[in-house]
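Encoded as structure tokens, the structure appears first; notes follow it.
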Amino acid sequence: MKKLLFILYVLLGLSNICLYAQDKETQWAIDNYLRYYREAQAMKSPEKEKAIDAFRSSFRQSPFRYKVLNTPWSAQECLQQLDADGAFSGLKEKEEYLRKENAFKKNSFDLQEEAGNFLTDAFIMVWKIADAYRKGEISEEQALPDKVLKAILHYGNIEISRLNETRRFHASCFAMPIAAVNTYFCYLNQMDNAESGKGSVLLKEACDMLKIIGLQAWTQPLRHDETDKNVVSIPRFRNHVWWVGGNSIGYRPLFYVAFMYRSIPMIDLLAEISQKCISTTSQNTYDESFWTEGFTADGAGWGHGKQCLIWGYPIDGTANAIDLLSLLKGTPWEQKLSRENVSALLNYFRGGNFYYYKGYILPCLDRYSMQYKPLPTEIRYSGMLKQLIEDWSGSFTNEELKEIKQLYAESLKNVIQMAPYACYSGTRWFFNNDDLIKKNERYHIIVNMASVRCDGLESADGFADCFNFYTTDGTTMFQKTGNEYRKAFGAYDVTAFPGVTAREGMENLTPVTNWRGYCSMYNFAAGATSGGENAVAGYISEKMNAEDKTHTTNQTKRAGKNQILYGVKAYKSYFMLGDYMVALGAGITNKRPELAGNIRTTIEQTEHTDSVYLYKGKGTEWIVQEDKFAYSVFPEYKKQVHYTCETRATDWMKMNKSNKDTKDLPKEVDIFQIWIDHGKKPVNDTYGYVVYAGTGKPSGEYPFEVLRNDTLVQAVKSINNEIIEAVFYDAKTTLKGKGLSLSVSAPCVVLIEQQGNKKTISVTDARMDKECKEIDITLNGKKITCKMPEGELCGKSAILIL
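Letter by letter, the sequence shown follows residues 270 to 1071 in our numbering.
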């Protein structure tokens, strides 16, 4: 059998590589190459083959992810480091250490990561030499001596012999394949000769090795399921975090590898994926949606599980899909944008704009929240808008095209108002992400809640945010300029995120890497809004590690870390009435009183930019930061409130390791902080406060009345009785007030707005129960049946106009 395989490999120019195949990993890599090489050879289409030749020529001039090549070493320096056997002198010490540690064969995540980074450096150095040849900076004789070809084989054989039992991710499926495909196309003429039987044996072997490394974009990491047996298939690119969104067609050089192989099946598949992935997913359709990550039906997006990484993986996957579809226009693989594609894009543009304000991405939307970013930038989808206008205008109606042209023009100015389109401002409930957002030209408010349905925000101690513990714990952030928190994060007490009820003590926290973050253990979170200036939201807060929802193997290990995070329970609600936001808390209980630290609810922790003063109205007291926001704690909690304005030293590296690359980091920052202290052992404690976001001073009296604040119902109404907002944790409880009786048939959030003779009722199922088809609202004895949205819109507000 081995003799027959050897003869077959010789016929395909793989004899030398076969001789190196002394382990199952190398044999596996060669077998994969052989299989997909055969499949590419088998499918013939003169029209498609002609198109493939054209693409191959263009790729020599259009490297993939070219910025990766921005290295400190020149091509000449790389060549000088190469010895006759194809080893770089600057990497020899590292290679010796890795071999001594048996890193290439040891089932160790850390060692395999280290090995991957070492091999990536080697392949990028080879690409550096090849790119200099592509640009005409060095001759073919300089660029392709035997030692360069031997380097491809030397480091390639190390890579393909590494263990598959240990996860081989970034280096193996992104970095090295990127370097391999770009090296291949830099030497395209020589590769063509090798594939047609010309050139030296060494050149043919190097050509084969570049293809084997490139194929890892399709094969690594192994999923250990049926898709490993056929990577050129739709199931390969579905239902797994490594193979959807940005991790799929965004960061892998799949397209380039397909043309390395001249593989019609690969290109056919990528065309189909690119068209189908421009769609939405949701809590209720998660198992049936094409991608489990990407655009969510509420207008935001998921990445790395059900966490709102709206500007990362979701947009990277879709943006690259549109890039591929644009490249394929006018070819045999041309696709059309369907109405489903257009609908998903418009929903994302409209919803995504709420997560961006006056040139700034909202904090707490990726693992780089604590990175110092003082300057405004264009909204991340502006490039996608430009491409759609240039390449896909015929897919939109005239009115839709007018909208995206206006959106693109405003995005270039960093301020998106989009008059007269009402859907770009007001209030919006992101039901797949537990977020309530209010946005207008004067201010921006986000309430970032939590439930067991969603994941939290990831941390990456080694290279990004180190303390993403509380970012989805009812965090409320108030902005008028968009950068209120950018400097403050350098000296932030993360146990005091605005809006969060938690145990104080940041000094007791240990940085973590947690790819799923932290969530609440309860299936209760909802917001209700008709889209205008009023809204209500509520959830039950008690922290758990989101990893524990599906991965139980390391629970004991995780439980020993950062104990101060856990054991604090609260029922928290938020009421937006015009320019006022009321926050209520009930049932606040310290379930771990043996742990050090008081329990507190932070109202604000922001940059202190102007004078802070006390203002007294009629029966009200306010703490005001000039030209920003005003804060008032209800009288019954007056003795528990504290505030401070202080200058703190920053530690940007402690907050986010990537800040090491940023110059002129502020060494100190003025912080303005307000909080309510619940003491060390609260049991069923409560709180209540209000934030005024309007211009000028707040009204002398509160323009609202708190109707109830306990663990059954939390409710507020306007003094003029035109707005009633309630969070029903218990469907058996009736809310009563002067001239008011309100009950519901299921746990939900209710907003009632009266304007003249028109009454608008907005109702949201707090448990997002797909079996809950309708909720009955009984208002002053009159029963009103509200049909709940279904399918991918399950969890959205039902709106009735009476």
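All residues carry an ideal CB built from backbone N, CA and C; glycine is no exception.
Burial state of residue i (16 or more Cβ within 10 Å)
i: ILE988; result: exposed
i: LYS1027; result: exposed
i: LEU1071; result: exposed
i: VAL1019; result: buried
i: GLN1024; result: exposed
i: LEU976; result: buried
i: ASN265; result: Examination of residue 265 is not possible in this model, given that the chain is present from 270 through 1071 alone.
i: LYS885; result: exposed
i: ARG307; result: exposed
i: ASN376; result: exposed
i: GLY514; result: buried
i: THR565; result: buried
i: ASN339; result: exposed
i: ILE685; result: buried
i: ALA311; result: exposed
i: HIS493; result: exposed
i: ARG368; result: exposed
i: SER842; result: buried
i: ALA804; result: buried
i: HIS911; result: exposed
Reduced DSSP category for residue i - H, G, I as helix; E, B as strand; rest coil
i: ASN285; result: Below a pLDDT of 50, predicted positions are generally treated as unreliable, and ASN285, at 46, falls in that range; no measurement from the model is reported.
i: TYR424; result: helix
i: CYS1017; result: strand
i: SER502; result: coil
i: ILE648; result: coil
i: THR1003; result: coil
i: GLU434; result: coil
i: VAL279; result: Confidence at VAL279 is low in this model, with a pLDDT of 45, below 50, so the placement of that residue should be treated as unreliable; the coordinate-derived value is given next. Note: VAL279 maps to helix in three-state DSSP.
i: ALA353; result: coil
i: VAL763; result: helix
i: LEU274; result: Low per-residue confidence applies at LEU274: pLDDT is 40, beneath 50, and the placement is therefore not dependable, though the value from the model is reported in the following sentence. Helix.
i: GLN640; result: coil
i: PHE758; result: helix
i: CYS633; result: coil
i: ASN1026; result: coil
i: ILE1070; result: strand
i: CYS347; result: helix
i: ALA372; result: coil
i: MET813; result: strand
i: CYS1063; result: coil
Identity of the residues DSSP links to residue i by a beta bridge
i: ARG869; result: ALA771 and ASP946
i: TRP698; result: LEU705
i: THR549; result: PHE564
i: PHE844; result: VAL805 and VAL851
i: THR819; result: Answer is none; THR819 lacks a bridge partner.
i: GLY957; result: LEU853
i: LEU883; result: ILE892
i: GLN874; result: GLN942
i: GLN983; result: ASN978 and VAL996
i: THR858; result: LYS838
Endpoints, beta strand (DSSP E) assigned at residue i
i: PHE564; result: 563-565
i: ASN462; result: Where ASN462 is concerned, there is no enclosing beta strand (DSSP E), although the alpha helix (DSSP H) it sits in stretches over 457-464.
i: ALA995; result: 992-997
i: ASP477; result: No beta strand (DSSP E) contains ASP477, which is instead part of the alpha helix (DSSP H) from 470-488.
i: ASP746; result: Per the sequence presented here, residue 746 reads as Met, with Asp not at that position. 744-748 is the extent of the beta strand (DSSP E) around MET746.
i: CYS1055; result: 1051-1056
i: GLU974; result: 973-978
i: LEU1048; result: 1043-1048
i: GLY796; result: 794-797
i: CYS788; result: 787-789
Extent of the continuous alpha helix (DSSP H) to which residue i belongs
i: ARG403; result: 378-403
i: TRP921; result: 921-924
i: ILE988; result: No alpha helix (DSSP H) holds ILE988; DSSP gives it neither H nor E.
i: TRP297; result: 293-311
i: ASP322; result: 315-328
i: ARG917; result: Element bounds for ARG917: not the alpha helix (DSSP H) but the beta strand (DSSP E), 910-918.
i: GLN411; result: 409-412
i: SER358; result: 358-369
i: TYR530; result: It is not in any alpha helix (DSSP H) - TYR530 carries neither H nor E in the DSSP assignment.
Q: Any chance you could list the alpha helix (DSSP H) runs of at least 4 consecutive residues sitting entirely within the segment 555-630, in chain order?
A: List check, alpha helix (DSSP H) in window: 582-596 and 608-621.
Original post:
Enumerated in chain order, which unbroken segments of the alpha helix (DSSP H) with a length of 4 residues or greater are wholly contained in the segment 661-740?
Top reply: Fully enclosed alpha helix (DSSP H) runs of 4 or longer: 667-680.
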